[in-house]
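Written below as structure tokens is the structure these notes are about.
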Amino acid sequence: MTMQEPGNARVARRPLVGESFALRGSAALNEIFRLQYDQLLRFSRIRIGNVADAEDLVQDAFLSVRRAYPGKGIDELRPLLFTALRNLTLDYLKSGYARQRRSSAEIGEMGEFLACPRSLTPETQLGDAQLLAIVQAGLAALDPRKREALLLSRLECLTHKEIADRLSVSPRTVRSDITDAMAVIAKSLARAGDPEREA
Numbered sequence: 001m002t003m004q005e006p007g008n009a010r011v012a013r014r015p016l017v018g019e020s021f022a023l024r025g026s027a028a029l030n031e032i033f034r035l036q037y038d039q040l041l042r043f044s045r046i047r048i049g050n051v052a053d054a055e056d057l058v059q060d061a062f063l064s065v066r067r068a069y070p071g072k073g074i075d076e077l078r079p080l081l082f083t084a085l086r087n088l089t090l091d092y093l094k095s096g097y098a099r100q101r102r103s104s105a106e107i108g109e110m111g112e113f114l115a116c117p118r119s120l121t122p123e124t125q126l127g128d129a130q131l132l133a134i135v136q137a138g139l140a141a142l143d144p145r146k147r148e149a150l151l152l153s154r155l156e157c158l159t160h161k162e163i164a165d166r167l168s169v170s171p172r173t174v175r176s177d178i179t180d181a182m183a184v185i186a187k188s189l190a191r192a193g194d195p196e197r198e199a
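When the sequence shown is numbered by UniProt numbering, its final residue is 199 and no position is left out of the sequence of numbers.
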């Protein structure tokens, strides 16, 4: 006999182009995957702007169509697949996940500005403590009005006019006092950084 068993005939060879429309179920989905995966991925990626998530959505679309329509042929599965992918893409865009992903990307780009580039070491902490002591000594050596003007400007973020009103002087005097105070502290820090200048 030359007849083959029905189950072995389909497994033995790939379908020809004309026969592919007769495929059903998993075989039909495999054929659509082979022929149209790139197009489906492009469709999703253009809408959401993220390749990795677009790939996930295409896979989800294939899985949902496979579960919902196990016996359909290619001609029926193709529009169902595009509809499922469109719906998954819309759900993705409506979800907070897409916004969160964009925010995370923006924060990642700004990471160097938001985070310390290095963790504090004991040496860094000691150096910072020494600089703080120098600044405090410089502040203590200032004329009281200049010290007050500087602290109101830098710590309380008051304008020159507000400081002038508080200290009963002109805004020009406030500007001069702050400039003089900053110069004294800068000189103190410069001397601390260069031991030869102290001599």
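We put the CB at the ideal spot given by N, CA and C, even for glycine.
- Remark: C-beta atoms of residue 61 and residue 27 do not approach each other more closely than 7 Å.
- With contacts defined by Cβ atoms closer than 7 Å, residue 127 and residue 185 do not form a contacting pair.
- In this structure, residue 160 and residue 175 form a Cβ contact; the two beta carbons are roughly 6 Å apart against a cut-off of 8 Å.
- The C-beta distance from residue 92 to residue 80 rounds to 18 Å, too long to fall under 8 Å, and the pair is not in contact.
- Contact between residue 57 and residue 90 does not hold, since their C-beta atoms are separated by about 10 Å, which reaches or exceeds 8 Å.
- Here the alpha carbons of residue 189 and residue 170 stand approximately 29 Å from one another.
- Distances from the CA of residue 181 to each of 141, 38, 71 were compared; the closest alpha carbon is that of 141.
- The beta carbon of residue 166 sits closer than 7 Å to those of 152, all from its chain and outside the five residues before and after it, given in chain order.
- In this chain, the alpha helix (DSSP H) harbouring residue 124 covers 122 to 141.
- For residue 153, the secondary structure class from DSSP, reduced to helix, strand or coil, is helix.
- Under the 10 Å beta carbon count, residue 44 is surrounded by 16 or more other beta carbons and is classified as buried.
- Residue 81 carries a helical assignment under DSSP once its states are collapsed to helix, strand and coil.
- For residue 64, the uninterrupted alpha helix (DSSP H) segment begins and ends at 51 to 68.
- Excluding its 5 nearest sequence neighbours in each direction, residue 149 has C-beta neighbours in its own chain below 6 Å: 163, 174, 177, 178, listed in chain order.
- In this structure, the CA atom of residue 147 is about 12 Å from the CA atom of residue 183.
- Taking the Cβ atoms as the reference, residue 41 lies roughly 6 Å from residue 55, within the contact range of under 8 Å.
- By the beta-carbon neighbour count (other beta carbons within 10 angstroms, threshold 16), residue 65 is buried.
- The DSSP-derived three-state label of residue 158 is coil.
- Residue 188 sits in a helix when the DSSP states are folded into three classes.
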